[in-house]
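Trainee: Top line first, the protein sequences correspond to chains B and A. Every letter in the first sequence is one number past the one before it in our numbering, and letter 50, counting from 1, is 36. Every letter in the second sequence is one number past the one before it in our numbering, and letter 68, counting from 1, is 54.
2 protein chains.
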Amino acid sequence: MDNIIPLKDTSLDETFSKYEAKFKALADQKRLHILNLLCKQESTCVCDLSELIEMPQSKLSYHLKILLDAGLILKETKGTWSYYRINQEEINHLLSPELCCLFRPSCC
Amino acid sequence: MDNIIPLKDTSLDETFSKYEAKFKALADQKRLHILNLLCKQESTCVCDLSELIEMPQSKLSYHLKILLDAGLILKETKGTWSYYRINQEEINHLLSPELCCLFRPSCC
DNA sequence: TAGTTAAATCAAAAAAAATTGATTTATTTT
DNA sequence: AAAATAAATCAATTTTTTTTGATTTAACTA
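#1: Since B/Leu60 sits in a beta bridge, which residues does DSSP pair it with?
#2: Classify A/Thr66 as helix, strand or coil using the three-state DSSP reduction.
#3: Would B/Leu53 pass as a contact of B/Arg90 if the rule is Cβ separation under 8 angstroms?
#4: Output yes if chain B places a C-beta closer than 8 angstroms to the C-beta of A/Leu85; else output no.
#5: Determine, using beta-carbon pairs with one atom in the segment 62 to 80 of chain B and one in the segment 30 to 45 of chain B, whether at least three such pairs fall under 8 angstroms.
#6: Hey, how far is the Cα of A/Glu75 from the Cα of B/Leu88?
#7: Round the Cβ separation of B/Glu84 and A/His79 to the nearest angstrom and send it over; I've been treating them as touching at under 8 angstroms.
#8: Whose C-alpha, out of B/Asp(-1), B/Phe2 and B/Lys45, is nearest the C-alpha of B/Ile20?
#9: Please list, in chain order, the residues of the segment 32 to 48 of chain A that have any C-beta partner in chain B closer than 9 angstroms.
#10: Since I believe B/Lys10 is in contact with A/Ala13 (beta carbons under 8 angstroms), could you give me their beta-carbon distance rounded to a whole number of angstroms?
#11: Taking only beta-carbon atoms, is B/Ser82 less than 8 angstroms away from chain A?
#12: Which same chain residues, not among the five before or five after A/Ser36, have their C-beta less than 6 angstroms away from its C-beta?
#13: Just to confirm the assignment, what range does the alpha helix (DSSP H) spanning A/Ala7 have?
#14: Taking A/Phe2 as the query, report the chain B residues whose CB atoms sit under 8 angstroms from its CB, ordered along the chain.
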C-alpha cells in the first residue's frame, strides 16, 4: 500500500507541466503571427502560409509542429498537402476573451 | 513625406512582441508554481518563498525578475525585504477565467 | 560597531530552443 | 514513367535561456 499520502501534489505538477507546453508554444512572435494568420484564413496549406509569412518551409514546419503538439492548431492532410487551422476551442479555454480576439475571426 | 503607407503593420508586430514577453514568463513550470503560491499568500518575501518552493535564493530572484518584468507580479521593498504579490489585473487580462482560477485566491 | 541577514547581480557553464540547408518520402503533374 | 512539388525530418550550428555559486550592497540585530 504505497503512495497513500503523496509527498507532493503530483496532479498540480502535471497541470503546470501541461500549461508550460502551451505557453511555450505561445511564447514566440513568429508563432503568434502564424496563429493570427490562421484565424483569418479558415484552413491553409504550408506552402501558402510560407509565402504569406515569408518564412522558409522547413522553419515554418518546425513552428507549426510546436503549435500542433501544444494543441493550439489542428492539421488535416489531403494528399501531399497539409492544411492547418486554429483550434478555437483550445484557444478559448486558455486565453482571456479580450486576447482571444487576436486569434479569433470576426470578433470584436 | 515618408512612411505614409507602411510596408508592414508595425503595431501588430509590437502587439506580438508584447505578448511574447508575457507568454515567455508563463512558459515555465517553476514560474507557474511561483504564481500559484503567490496567489495563496497575499504578499511574500523572497526568503519565505525560497523555503516554500525549495529553490535557492539566486535562482528564485532570477525567476521573480522575469515575472516582474512581464508585469505578472508586483514588488514592494521594505528595508532589506522584498515583498512580491500577484498582479491580478494583468493575469485577468491575459488568461481565461477558467485558467485565472489557478492564479487567483478563493476562486472556483 | 561588528556580525548577520535579505536580496540583487554577475560571470561561467550547462541546457534548451531556433535556424539553416540538405535529404527524404509521398504525391501530383506533364 | 519522368519531372516537379509539398511537407516532414535530420544533423550541424547558432542563439537564447537557465543554472550555479560567488560577490555585492544595503539594512537589520546583538
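C-beta atoms are modelled at their ideal positions from N, C-alpha and C, and glycine is treated no differently. Keep in mind that this is a model prediction, so the values were computed, not measured.
Mentor: According to the structure data:
#1: Your numbering for residue 60 of chain B matches position 74 in the first sequence. Answer is B/Arg71.
#2: The residue you call residue 66 of chain A lines up with position 80 of the second sequence. In the three-state reduction of the DSSP assignment, A/Thr66 falls in the coil class.
#3: The sequence position of residue 53 of chain B within the first sequence is 67, counting from 1. The sequence position of residue 90 of chain B within the first sequence is 104, counting from 1. Going by C-beta atoms, B/Leu53 is not nearer than 8 angstroms to B/Arg90.
#4: Within the second sequence, numbered from 1, the residue matching residue 85 of chain A stands at position 99. With respect to chain B, the C-beta atom of A/Leu85 has a partner C-beta closer than 8 angstroms.
#5: Judged by Cβ distances under 8 angstroms, the segment 62 to 80 of chain B makes contact with the segment 30 to 45 of chain B, as three or more pairs qualify.
#6: If you number the second sequence from 1, residue 75 of chain A lands on position 89. If you number the first sequence from 1, residue 88 of chain B lands on position 102. Near 19 angstroms, if we compare the C-alpha coordinates of B/Leu88 and A/Glu75.
#7: In the first sequence, counting from the first residue as 1, residue 84 of chain B sits at position 98. In the second sequence, counting from the first residue as 1, residue 79 of chain A sits at position 93. At roughly 6 angstroms, the Cβ-Cβ gap stays under 8 angstroms, so B/Glu84 and A/His79 are in contact.
#8: As a first step, residue 20 of chain B must be located in the first sequence, where it is residue number 34. For B/Ile20, the nearest C-alpha among the options comes from B/Lys45.
#9: Going along the segment 32 to 48 of chain A in chain order, one finds no residue with a Cβ nearer than 9 angstroms to chain B.
#10: Indexing the second sequence from 1 puts residue 13 of chain A at position 27. Indexing the first sequence from 1 puts residue 10 of chain B at position 24. That belief holds up - the Cβ atoms of A/Ala13 and B/Lys10 are roughly 4 angstroms apart, short of 8 angstroms.
#11: As a first step, residue 82 of chain B must be located in the first sequence, where it is residue number 96. Chain A, which has a Cβ nearer than 8 angstroms to the Cβ of B/Ser82, makes this yes.
#12: By 1-based counting over the second sequence, the position of residue 36 of chain A is 50. Gln43 and Leu46, listed in sequence order.
#13: Mapped onto the second sequence, residue 7 of chain A falls at position 21. A/Ala7 -> alpha helix (DSSP H) spans Thr(-4) to Leu12.
#14: As a working mapping, residue 2 of chain A is identified with position 16 in the second sequence. By Cβ distance, chain B contributes Gln15, Leu18, His19 and Asn22.
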